[in-house]
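Engineer:
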Amino acid sequence: MPELPEVETTRRGIEPHVVGRTVTAVTIRDRRLRWPISDDLEQRLQGARVLSTRRRAKYLLIDFQNGSLLVHLGMSGSLRLSSKNEEPRKHDHVDIVLESGLLLRYHDPRRFGSMHWLDDTSHVLLDHLGPEPLSADFSADYLYRTSRKRSSPVKHIIMDAKVVVGVGNIYANEALFIAGIRPDRAANNISKVRYELLVETIKQVLVTAIEVGGTTLRDFVGGDGKAGYFAQSLQVYGRAGELCKRCEGRELREIRQSNRSTVFCPNCQR
DNA sequence: ATGACAACCTGTGGGC
DNA sequence: TGCCCACAGGTTGTCA
Numbered sequence: 258m259p260e261l262p263e264v265e266t267t268r269r270g271i272e273p274h275v276v277g278r279t280v281t282a283v284t285i286r287d288r289r290l291r292w293p294i295s296d297d298l299e300q301r302l303q304g305a306r307v308l309s310t311r312r313r314a315k316y317l318l319i320d321f322q323n324g325s326l327l328v329h330l331g332m333s334g335s336l337r338l339s340s341k342n343e344e345p346r347k348h349d350h351v352d353i354v355l356e357s358g359l360l361l362r363y364h365d366p367r368r369f370g371s372m373h374w375l376d377d378t379s380h381v382l383l384d385h386l387g388p389e390p391l392s393a394d395f396s397a398d399y400l401y402r403t404s405r406k407r408s409s410p411v412k413h414i415i416m417d418a419k420v421v422v423g424v425g426n427i428y429a430n431e432a433l434f435i436a437g438i439r440p441d442r443a444a445n446n447i448s449k450v451r452y453e454l455l456v457e458t459i460k461q462v463l464v465t466a467i468e469v470g471g472t473t474l475r476d477f478v479g480g481d482g483k484a485g486y487f488a489q490s491l492q493v494y495g496r497a498g499e500l501c502k503r504c505e506g507r508e509l510r511e512i513r514q515s516n517r518s519t520v521f522c523p524n525c526q527r
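With the first sequence counted from 1, adding 257 to any position gets you the working numbering.
See the structure below:
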């Protein structure tokens, strides 16, 4: 489910309600996430006070004095604020209760997400990640250089977390459409000028999506429980067979790349 | 090193 | 209404 904008939306939603708060109780109903939740997580969290929240790639970090909680939402996860007397629903796997009476509730039907305790801020999952897409490190210069030795499709490159983090299937489709680049074009067959446009487009799409609270497809909600509105702005994702909004002449075509759905306009994207 | 692909798991929607 | 299959926002690990 969540790509970078959804994770950032979650972080911004919970931050004002968790920073400075102390954990008074932890309930774990199902430890079987992508990796089993370690046996000592409750003990680590108990009594700890939240210092700050951060995001790295699609990971959410909640920092305490004694370490950090590393959360990934996988495909179907959400982390939201809830009140103590709200009954847990199916797939509500973890509750982190704060002394304010609010609690952080982790919900994840498919259990592709994860939760790790970090004694310091390093973790193998965070090693070898590429630059943040919204940072200056992710530049046209960088992407152009990186792409020179890659003959795989450009969509594959921008979704490769070693190249740049946080660009998932929805926003990869959207950015390539806006930049007018065919998703199946070989990465090393795209000019510097077009990469300049692509990098700016990726940044713009992500920033815009964050501003409107992410993309709610089925039931994504941010930390504050509100749906995101970027779905209204989607140009190609989920619109295969419909008319292109730019040229209004051609139907959007769908292909599969690495078993992921790709939608593009054969007329506008070259 | 790169790339193709299976695996992890549940829910949903379409076709029959 | 029900059954079966394909597919869904992600990432890792394996094998060629």
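Glycine included, every Cβ here is placed at the ideal spot set by N, Cα and C.
1) What three-state label does DSSP hand residue 485 in the structure shown?
2) Flag this pair as yes or no: are the beta carbons of residue 493 and residue 520 separated by less than 8 Å?
3) For residue 488, which residues from the same chain have a beta carbon less than 7 Å from its beta carbon, with the 5 sequence-adjacent residues on both sides left out?
4) Check whether the stretch 397 to 409 and the stretch 356 to 369 are in contact - that is, three or more C-beta pairs closer than 8 Å.
5) Okay, do the stretch 425 to 442 and the stretch 259 to 269 touch, 3+ Cβ pairs below 8 Å being the bar?
6) Put residue 334 into one of helix, strand or coil per three-state DSSP.
7) Is it the case that the Cβ atoms of residue 372 and residue 307 are separated by a distance below 8 Å?
8) Taking C-beta to C-beta, are residue 286 and residue 345 nearer than 8 Å?
9) Looking at C-beta atoms only, is the number of pairs between the stretch 380 to 394 and the stretch 332 to 351 that lie closer than 8 Å three or more?
10) In angstroms, rounded to a whole number, what distance separates the CA positions of residue 352 and residue 436?
11) Which residues in the same chain have their Cβ closer than 6 Å to the Cβ of residue 284, if we skip the five residues on either side of it in sequence?
12) Sort 368, 318, 282 and 309 by Cα distance to residue 294 and report the nearest one.
13) Just grab the DSSP bridge partners of residue 358 for me.
14) Return the CA-CA distance between residue 453 and residue 409, expressed in angstroms with no decimal places.
15) Kindly list the residues whose CB is nearer than 6 Å to the CB of residue 317, restricted to its own chain and excluding five residues on each side of it in sequence; keep chain order.
Structural biologist: Per the coordinate set shown:
1) As a position in the first sequence, residue 485 is number 228, starting the count at 1. Residue 485 falls in the coil class under three-state DSSP.
2) Counted from its first residue, the first sequence places residue 493 at position 236. Counted from its first residue, the first sequence places residue 520 at position 263. Yes, the pair counts as a contact, with Cβ atoms nearer than the cut-off.
3) Your numbering for residue 488 matches position 231 in the first sequence. Counting only Cβ-Cβ distances below 7 Å, and skipping sequence neighbours, we find 472, 473 and 474.
4) no
5) yes
6) Working through the first sequence from its first residue, we reach residue 334 at position 77. Looking at residue 334 - three-state DSSP - the assignment turns out to be coil, as it is neither helix nor strand.
7) Your numbering for residue 372 matches position 115 in the first sequence. Your numbering for residue 307 matches position 50 in the first sequence. Cβ distance not < 8 Å, so residue 372 and residue 307 don't count as in contact.
8) Looking up residue 286 in the first sequence gives position 29. Looking up residue 345 in the first sequence gives position 88. Yes, these two residues count as a Cβ contact at 8 Å.
9) no
10) Sequence index remark: in the first sequence, residue 352 carries index 95 (1-based). Sequence index remark: in the first sequence, residue 436 carries index 179 (1-based). Computed Cα separation, rounded: 42 Å.
11) For the purposes of this step, residue 284 is taken as the residue at position 27 of the first sequence. Taken in chain order, the residues that qualify are 352.
12) For the purposes of this step, residue 294 is identified with residue 37 of the first sequence, where counting begins at 1. That would be 368, whose Cα lies nearest to the Cα of residue 294.
13) As a first step, residue 358 must be located in the first sequence, where it is residue number 101. Answer is none; residue 358 lacks a bridge partner.
14) Position 196 of the first sequence holds residue 453. Position 152 of the first sequence holds residue 409. Their backbone Cα atoms lie some 19 Å apart in a straight line.
15) As a first step, residue 317 is located in the first sequence; it is residue number 60 there, counting from the start. Only 264, 268 and 328 meet the Cβ criterion.
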